[in-house]
Amino acid sequence: MDIRGEFTDLLVDIEAEMRSVLEERDGHSRPLYEMLAYHLGLDNTEGPRGKRMRPLLGLLAYQSLTGSYRGALPGAAAVELGHNFSLVHDDIEDADRERRHRPTLWAIWGVPLAINAGDALFALSRLALYRLLADGFSERRVLALMRVYDETCLALCEGQFLDITFEREPNVSVGGYLEMIGKKTAALVGASVQAGAILATDEPAVIEAYRRFGYDLGIAFQMADDVKGSFWTAAESGKPEAGDIRKRKKTLPLVWALEHASKTDADRLRQLYGPMRATDGALDPQVEAPMAAGDVEEVLAILERCGAREHALGEARRYRDRALAAIGELPIGEERRAELRQVVESVIAA
0 MDIRGEFTDL LVDIEAEMRS VLEERDGHSR PLYEMLAYHL GLDNTEGPRG
50 KRMRPLLGLL AYQSLTGSYR GALPGAAAVE LGHNFSLVHD DIEDADRERR
100 HRPTLWAIWG VPLAINAGDA LFALSRLALY RLLADGFSER RVLALMRVYD
150 ETCLALCEGQ FLDITFEREP NVSVGGYLEM IGKKTAALVG ASVQAGAILA
200 TDEPAVIEAY RRFGYDLGIA FQMADDVKGS FWTAAESGKP EAGDIRKRKK
250 TLPLVWALEH ASKTDADRLR QLYGPMRATD GALDPQVEAP MAAGDVEEVL
300 AILERCGARE HALGEARRYR DRALAAIGEL PIGEERRAEL RQVVESVIAA
């Protein structure tokens, strides 16, 4: 399912709100905002813009409780700007030169300016939240939302720390992996849905139910993304082929294989994922050198042999089904439930 085709009006309004946030700033730093527009896909050029899943979920949550989504647009813009600050920094940390089939910011403008651009997106995301005050939301409600947002951004940084350090760990458990993706990915998806509920109701149990739905969806999303990052082609994923393997990422297929493959295969995986320091061309001399192409093929063969791909897809489906079940418990009508289900099923369809 194509989210953009199903929710065109909401997505157009999200992007208009984001443009408005950027266009408030002008003057001598205008080239900075042109960089940001490029990264966000708002530079009026052809190319993928991303699903906008997080802000869309926030608007749908708010609409499901109030009947309209428009009041929550500043919050939706904040969520998407915040998500993208993390992507700019993530591209630098992972030395990724492409995202969504286009060069990344640092690959075009260099690391210092890209870091600065990511910082600017974080600041703009918080300024976007202040726009809720002008739209009539109380200071108490906006402050509650800001606290959730700041705690979520900190969790995201903690998750990214784990993701990076896990690359150098020979053994990472499935439990450690779940903690990492819970912070790096699921926390923000959960908070995006929670934000819509915070703006719509004062009932803690309802707000928590929305957050839990989003959190489980975020887990499913990351698990499905792990499969893409290991097994999909570059044309399918928009990133380098087997990029997660080349960078020695501790994804679900890998950590599960370490625990369930034969001893010979598990030992070989640990050997292949052992440290190999980069000496030339690295952003950081401590970064691991990319895995050799022949070794990548060997890893893929081991993962297929032990069933790691199918296990990861099965776990993604299980968390997807948990998210779908959570929708059924929300105090909303069937039409609004169907909208939320559409988004869930777009994340992982089968």
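Take the sequence shown: its position 68, counted from the start at 1, is 67 in numbering that gives the first Met the number 0, and no numbers get skipped.
Ideal Cβ positions, reconstructed from N, Cα and C, are used throughout, including at glycine.
Check                                                                                                                      : Outcome
Residues near ALA116 by beta carbon distance below 8 Å, same chain, minus five either side                                 : LEU31, MET34, LEU35, HIS38, VAL87, LEU104 and TRP108
Exposure of HIS355, with buried meaning 16 or more beta-carbon neighbours within 10 Å                                      : Coverage of the chain is limited to positions 0 through 349, which leaves residue 355 absent and any answer about it impossible.
Where GLU23 sits in the DSSP three-state scheme                                                                            : coil
GLU97, DSSP secondary structure in three states                                                                            : strand
Assigned secondary structure, PRO330 (DSSP; H/G/I helix, E/B strand, else coil)                                            : coil
Of the residues PHE84, LEU198, GLU166 and LEU144, the one placed nearest LEU155, counting alpha carbons only               : PHE84
Neighbour-count burial assignment, SER137, 16 or more Cβ in a 10 Å radius                                                  : exposed
Own chain, CB closer than 8 Å to ASP162, minus 5 neighbours either side, in chain order                                    : MET179, LYS183, LYS248 and LYS249
Assumed close pair VAL298, LEU268 - CB separation to whole angstroms, cut-off 8 Å                                          : 7 Å
Contacting residues, own chain, Cβ-Cβ under 7 Å from GLY280 (five flanking each side not counted)                          : Residue placement at GLY280 cannot be trusted, given a pLDDT of 46 that sits under 50; the coordinates are not used to answer.
Buried versus exposed call for ARG210 [16 or more other C-beta atoms within 10 Å across all chains shown]                  : buried
Which listed residue (THR151, ASP224 and ALA204) has its alpha carbon closest to that of VAL188                            : THR151
Residues of its chain near ASP243, where Cβ-Cβ distance is below 6 Å and the 5 sequence neighbours each way are ignored    : GLY228, SER229 and THR250
Three-state secondary structure (DSSP) of PRO252                                                                           : helix
Expected contact under 8 Å - CB spacing of ALA311 and ASP201 to nearest Å                                                  : About 39 Å separates the two Cβ atoms, so there is no contact after all.
Host alpha helix (DSSP H) of VAL171 (start-end)                                                                            : Careful: VAL171 lies outside any alpha helix (DSSP H) and carries neither H nor E.
Per DSSP, the bridge partner or partners of PRO102                                                                         : GLU97
Rounded separation between SER261 and CYS305 - CA only                                                                     : 8 Å
For ARG146, the three-state DSSP class (helix, strand or coil)                                                             : helix
Cβ pair VAL343, LEU323 closer than 8 Å                                                                                     : yes
Extent of the continuous alpha helix (DSSP H) to which GLU207 belongs                                                      : 203-230
Cut-off 7 Å between Cβ atoms - residues of its own chain near VAL205, not counting five sequence neighbours on either side : ALA196 and PRO330
Cβ neighbours of ARG176 in the same chain (closer than 7 Å, five flanking residues each side left out)                     : Contrary to the premise, residue 176 reads as Tyr rather than Arg in this sequence. Closer than 7 Å at the Cβ level, and outside the excluded window around TYR176, lie LYS249, LEU251 and VAL254.
Cβ shell of LEU55 (< 8 Å), same chain only, five flanking positions each side left out                                     : ILE2, PHE6, LEU9, LEU10, ILE13, ALA75 and VAL342
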